[in-house]
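2 protein chains.
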Amino acid sequence: MFYKLLFSYDMKNAHVISIGNELLIGDTINTNASKIGNYLTESGFEVSRGFTIPDNPHIIRKQVLRSLKIADLTIVTGGLGPTHDDVTKKVVAEIFESELVEHAPVMEHIESIFKKRGFSLSASNREQAMIPQACEVLFNKMGTAPGMWFHRNGNYLALLPGVPYEMEYLMEFEVMPKIKTVFPEQDVWVTEYFKTAGIPESTLSDRVGSLEEFVANGVGIAYLPNPSGVTIRISANGNTPEAAGGKLKILRSQLNERAGDYIYGKGKNLKLAEVIGTILKEKNLSIAVAESCTGGFVANEITNIPGSSAYMKGGIIAYSNEIKIKTLSVDADDINREGAVSKTVAIQMADGVSKAFNADIGISTTGIAGPGGATPEKPVGLVWMGFSIQGYNFALKAIFTNNRLINKERTAMVVLECIRRQLLGIQGTPYELKPHYP
Amino acid sequence: MFYKLLFSYDMKNAHVISIGNELLIGDTINTNASKIGNYLTESGFEVSRGFTIPDNPHIIRKQVLRSLKIADLTIVTGGLGPTHDDVTKKVVAEIFESELVEHAPVMEHIESIFKKRGFSLSASNREQAMIPQACEVLFNKMGTAPGMWFHRNGNYLALLPGVPYEMEYLMEFEVMPKIKTVFPEQDVWVTEYFKTAGIPESTLSDRVGSLEEFVANGVGIAYLPNPSGVTIRISANGNTPEAAGGKLKILRSQLNERAGDYIYGKGKNLKLAEVIGTILKEKNLSIAVAESCTGGFVANEITNIPGSSAYMKGGIIAYSNEIKIKTLSVDADDINREGAVSKTVAIQMADGVSKAFNADIGISTTGIAGPGGATPEKPVGLVWMGFSIQGYNFALKAIFTNNRLINKERTAMVVLECIRRQLLGIQGTPYELKPHYP
Numbered sequence: 002m003f004y005k006l007l008f009s010y011d012m013k014n015a016h017v018i019s020i021g022n023e024l025l026i027g028d029t030i031n032t033n034a035s036k037i038g039n040y041l042t043e044s045g046f047e048v049s050r051g052f053t054i055p056d057n058p059h060i061i062r063k064q065v066l067r068s069l070k071i072a073d074l075t076i077v078t079g080g081l082g083p084t085h086d087d088v089t090k091k092v093v094a095e096i097f098e099s100e101l102v103e104h105a106p107v108m109e110h111i112e113s114i115f116k117k118r119g120f121s122l123s124a125s126n127r128e129q130a131m132i133p134q135a136c137e138v139l140f141n142k143m144g145t146a147p148g149m150w151f152h153r154n155g156n157y158l159a160l161l162p163g164v165p166y167e168m169e170y171l172m173e174f175e176v177m178p179k180i181k182t183v184f185p186e187q188d189v190w191v192t193e194y195f196k197t198a199g200i201p202e203s204t205l206s207d208r209v210g211s212l213e214e215f216v217a218n219g220v221g222i223a224y225l226p227n228p229s230g231v232t233i234r235i236s237a238n239g240n241t242p243e244a245a246g247g248k249l250k251i252l253r254s255q256l257n258e259r260a261g262d263y264i265y266g267k268g269k270n271l272k273l274a275e276v277i278g279t280i281l282k283e284k285n286l287s288i289a290v291a292e293s294c295t296g297g298f299v300a301n302e303i304t305n306i307p308g309s310s311a312y313m314k315g316g317i318i319a320y321s322n323e324i325k326i327k328t329l330s331v332d333a334d335d336i337n338r339e340g341a342v343s344k345t346v347a348i349q350m351a352d353g354v355s356k357a358f359n360a361d362i363g364i365s366t367t368g369i370a371g372p373g374g375a376t377p378e379k380p381v382g383l384v385w386m387g388f389s390i391q392g393y394n395f396a397l398k399a400i401f402t403n404n405r406l407i408n409k410e411r412t413a414m415v416v417l418e419c420i421r422r423q424l425l426g427i428q429g430t431p432y433e434l435k436p437h438y439p
Numbered sequence: 002m003f004y005k006l007l008f009s010y011d012m013k014n015a016h017v018i019s020i021g022n023e024l025l026i027g028d029t030i031n032t033n034a035s036k037i038g039n040y041l042t043e044s045g046f047e048v049s050r051g052f053t054i055p056d057n058p059h060i061i062r063k064q065v066l067r068s069l070k071i072a073d074l075t076i077v078t079g080g081l082g083p084t085h086d087d088v089t090k091k092v093v094a095e096i097f098e099s100e101l102v103e104h105a106p107v108m109e110h111i112e113s114i115f116k117k118r119g120f121s122l123s124a125s126n127r128e129q130a131m132i133p134q135a136c137e138v139l140f141n142k143m144g145t146a147p148g149m150w151f152h153r154n155g156n157y158l159a160l161l162p163g164v165p166y167e168m169e170y171l172m173e174f175e176v177m178p179k180i181k182t183v184f185p186e187q188d189v190w191v192t193e194y195f196k197t198a199g200i201p202e203s204t205l206s207d208r209v210g211s212l213e214e215f216v217a218n219g220v221g222i223a224y225l226p227n228p229s230g231v232t233i234r235i236s237a238n239g240n241t242p243e244a245a246g247g248k249l250k251i252l253r254s255q256l257n258e259r260a261g262d263y264i265y266g267k268g269k270n271l272k273l274a275e276v277i278g279t280i281l282k283e284k285n286l287s288i289a290v291a292e293s294c295t296g297g298f299v300a301n302e303i304t305n306i307p308g309s310s311a312y313m314k315g316g317i318i319a320y321s322n323e324i325k326i327k328t329l330s331v332d333a334d335d336i337n338r339e340g341a342v343s344k345t346v347a348i349q350m351a352d353g354v355s356k357a358f359n360a361d362i363g364i365s366t367t368g369i370a371g372p373g374g375a376t377p378e379k380p381v382g383l384v385w386m387g388f389s390i391q392g393y394n395f396a397l398k399a400i401f402t403n404n405r406l407i408n409k410e411r412t413a414m415v416v417l418e419c420i421r422r423q424l425l426g427i428q429g430t431p432y433e434l435k436p437h438y439p
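Chains A and B are the protein sequences, given in the same order. Going by our numbering, the first sequence opens with residue 2, and the numbers climb by one from there. Going by our numbering, the second sequence opens with residue 2, and the numbers climb by one from there.
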């Protein structure tokens, strides 16, 4: 891992406390702590410590008291549910010597959720609308457990539910605005994520270099690899977003100069399928997919994007040769001669699906996802990907890994990145795979 | 979250320390802590605390000293790499007042790795073979950073690299055997996971009850909800795996008696699609899917299972009405009259796909995944699911959430669980949804 000068000395200090035996035992992976770390870092905090503690009132009390003393801001997740193990609220109410009183808007909200689902309200659900008087409610539109915001002697404490999307909603729409209000003088960190696809981390870092000449004085760069591509993270601090962003200018332009063709967009959670969607909408083009080895993964990625019905015509999951022939007009003789995992079949599938769905672009996948199905000539990980772009047909061949799920993910990345490059007129293919023509 | 008597009082106590700025910032999700938590829990420890701390020698020193005093066993990951940020080894060598000396077998191993990759060895790579005299080496076959095992006054400390598969290798093949040697009298914990679908956590726990009469004396039960179902975890300790397993007998049979119909199988990582696959293979039946709102998610779940090509004929992702009519023989008049999100269209899609793919079972989804597409009568989250099981046709209607991705996941769970119940002749539908007939 390659990290430079992440924290400066005058930053405010934050603690993240994750409550739950299931986290300590390892039944649940603590994704909340990372998400919260991201939010706090971007709003200028040094996240100096993370704690994972059990559902034990005594331990919760001790840790919250300690963090409240040391940290400018403490975020606590978990233990706000309706069961009797959920003790966080009670413990914190005691710390603030504050009574629990019913909060009418929260009660109304809980009732409306239950009414909508057709369930009746239990006593423990009603209990969730009881709020310590000492706090401000962080109204949780996504669920029944409200968040809470406390302060003492200039130190702040937020309690958030452990359900990831509820926590995230509250961080984004309740905690972040509060932070801006109570820490107005805070240096902000501006972080930008550049997402790449179809280039290995080592090649990318060779191309970009360490950029050491630009990395100093509260400016940093990091490479974050994962199966769907490498993310480059750059960050800088300053009094204002503009001042911090200004420091990134040269880094940003160097990045674009050195690796621009590989960067499909900016934003930590940006998906390649979203970028493709934007391009397709701009160019008023439609797409359809024919999947064998990816079995729906590519279509699922495309349809995960809200509004994708505007350009996604649909797809065929053609696991059997019979369906490839019948629905996608693949030539039975070609299957017999070259096999279903072949250039010819890949191209015919892409061409066939574009015609069957009356789409401008057809893409296809056929391969040996594994663990079974390999032959001496066709190993696990071999994938042919077919493209039919307004009648321009070709295929790419790759050999990925021994892992079925990673093979699906990699295939989807290569297929989508190839489409991106074609639509934008960018030279070259992902991983510099050689194009094969009919 | 509902956890009972997870830990008994005479258990040894473990701390997990995760080192790395990237964890605090949230660029990396801390999967290591969960994995280690699993290992330690199964080998009889109470994991009482997790700490995430920065790459800072002073803070590392303080935390390691503290844990070494409190915890019987401390596992530290991270900070053992070749860069100058990796300071863990030096700090711990200082704590043990121990000199670093070159370890010949480790040096040989590092050299051979570099030779194989065709790289030359840098000074910082050589540095990795320098080991504190006070420790035993945990030989890392998977990488260049060796693990280390220390002890002081009956307290033990392991340093492991942060790379997940290297950490896992060392836990499994080096740390676990050491634990058995130095804590021979330690009880083992046996854990079993029962997976359910189509029943809310609250209903499930009402049905099962707290099982308080059986939960005591080192036996525990926990409910772990997530969007694809609720997992019930039971665990017990004993001198031997057999003794511990014996204590689970009555819990296991009570669970099966009270909630057996909802339990689709055992195993933490078991997937519903895998269970369906096994049943389909046994009954020699095939399946095909027609997806609108789930856009490939259901097919992807089914095809994630190795060997699924034996029963999965394939599917159609029919985002447009045109395709529903053309490929799935849905009646255009019915679409006009009732809309694409309707009972009639769902049933016709399921029936149509079973015929088009010549499959025994056809399933379909059509709904408003969101965030767009809602009307006053058809809110975001409304989904119709169609079933055609050897000619027996019906549909289920549900209203899920406002979240597009969760709606896809929930829909897939309900559809697959409904198929499981039908195939096994289990009464009732997931979430007790009312069946609608043509």
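Quick reminder that beta carbons are idealized off the backbone N, C-alpha and C, glycines included.
For residue j and residue i, the rounded distance between their alpha carbons
i, j, result
"Thr-232 (chain B)", "Leu-225 (chain B)", "5 angstroms"
"Gly-429 (chain B)", "Leu-397 (chain B)", "12 angstroms"
"Lys-314 (chain A)", "Ala-413 (chain A)", "17 angstroms"
"Gly-353 (chain A)", "Ser-113 (chain A)", "49 angstroms"
"Ile-306 (chain B)", "Lys-267 (chain B)", "16 angstroms"
"Val-92 (chain A)", "Pro-162 (chain A)", "15 angstroms"
"Asp-87 (chain B)", "Glu-202 (chain A)", "20 angstroms"
"Tyr-170 (chain A)", "Lys-142 (chain A)", "8 angstroms"
"Pro-228 (chain B)", "Gly-199 (chain B)", "10 angstroms"
"Ile-317 (chain B)", "Cys-294 (chain A)", "15 angstroms"
"Val-17 (chain B)", "Val-65 (chain B)", "10 angstroms"
"Glu-258 (chain B)", "Gly-45 (chain B)", "29 angstroms"
"Ser-330 (chain B)", "Leu-74 (chain A)", "59 angstroms"
Partner residues on chain A for residue i, Cβ-Cβ distance less than 8 angstroms
i, result
"Ser-229 (chain B)", "Under the 8 angstroms cutoff, chain A gives no residues; its nearest Cβ is about 14 angstroms from Ser-229 (chain B)."
Beta-bridge partners of residue i, as assigned by DSSP
i, result
"Met-313 (chain B)", "B:Ile-288"
"His-103 (chain B)", "His is not the amino acid found at residue 103 (chain B); the sequence shown has Glu there. Beta-bridge pairing links Glu-103 (chain B) to B:Met-131."
"Thr-232 (chain B)", "B:Lys-196 and B:Leu-225"
"Gly-387 (chain B)", "B:Ser-365 and B:Ala-396"
DSSP-derived helix/strand/coil call for residue i
i, result
"Gly-327 (chain A)", "At residue 327 (chain A) the sequence reads Lys, which differs from the Gly that was named. It is helical."
"Gly-221 (chain A)", "strand"
"Leu-434 (chain A)", "coil"
"Gly-27 (chain A)", "coil"
"His-110 (chain A)", "helix"
"Leu-122 (chain A)", "coil"
"Lys-70 (chain B)", "helix"
"Asn-305 (chain B)", "coil"
"Ala-146 (chain A)", "coil"
"Ile-60 (chain A)", "helix"
"Thr-295 (chain B)", "coil"
"Thr-84 (chain A)", "coil"
"Val-138 (chain A)", "strand"
"Ala-341 (chain A)", "coil"
"Glu-186 (chain B)", "coil"
"Leu-252 (chain B)", "helix"
Closer than 9 angstroms at the beta carbon, the chain B residues around residue i
i, result
"Phe-298 (chain A)", "Gly-297, Ala-300, Asn-301, Thr-304 and Asn-305"
"Asn-39 (chain A)", "Ile-26, Gly-27 and Asp-28"
Contact set between residue i and chain A, taken where Cβ atoms lie within less than 7 angstroms
i, result
"Ser-321 (chain B)", "Lys-314 and Gly-315"
"Ala-260 (chain B)", "Chain A residues near Ala-260 (chain B): none, gap ~17 angstroms exceeds 7 angstroms."
"Lys-36 (chain B)", "Gly-27"
Interface residues of chain B facing residue i [CB-CB closer than 7 angstroms]
i, result
"Tyr-224 (chain A)", "Ordered by position in chain B, no residue passes the 7 angstroms Cβ test against Tyr-224 (chain A), which lies about 10 angstroms from the chain."
"Val-48 (chain A)", "Leu-25 and Ile-26"
Cross-chain neighbours of residue i in chain A, by beta carbon under 9 angstroms
i, result
"Gly-148 (chain B)", "Within chain A, no residue comes near Gly-148 (chain B); the closest Cβ sits about 18 angstroms away, beyond 9 angstroms."
Proximal chain B residues relative to residue i, where beta-carbon distance stays under 8 angstroms
i, result
"Gly-373 (chain A)", "Pro-307 and Gly-308"
Rounded distance between the beta-carbons of residue j and residue i, thought under 8 angstroms
i, j, result
"Ala-311 (chain A)", "Lys-344 (chain A)", "That belief does not hold up - the Cβ atoms of Ala-311 (chain A) and Lys-344 (chain A) are roughly 32 angstroms apart, past 8 angstroms."
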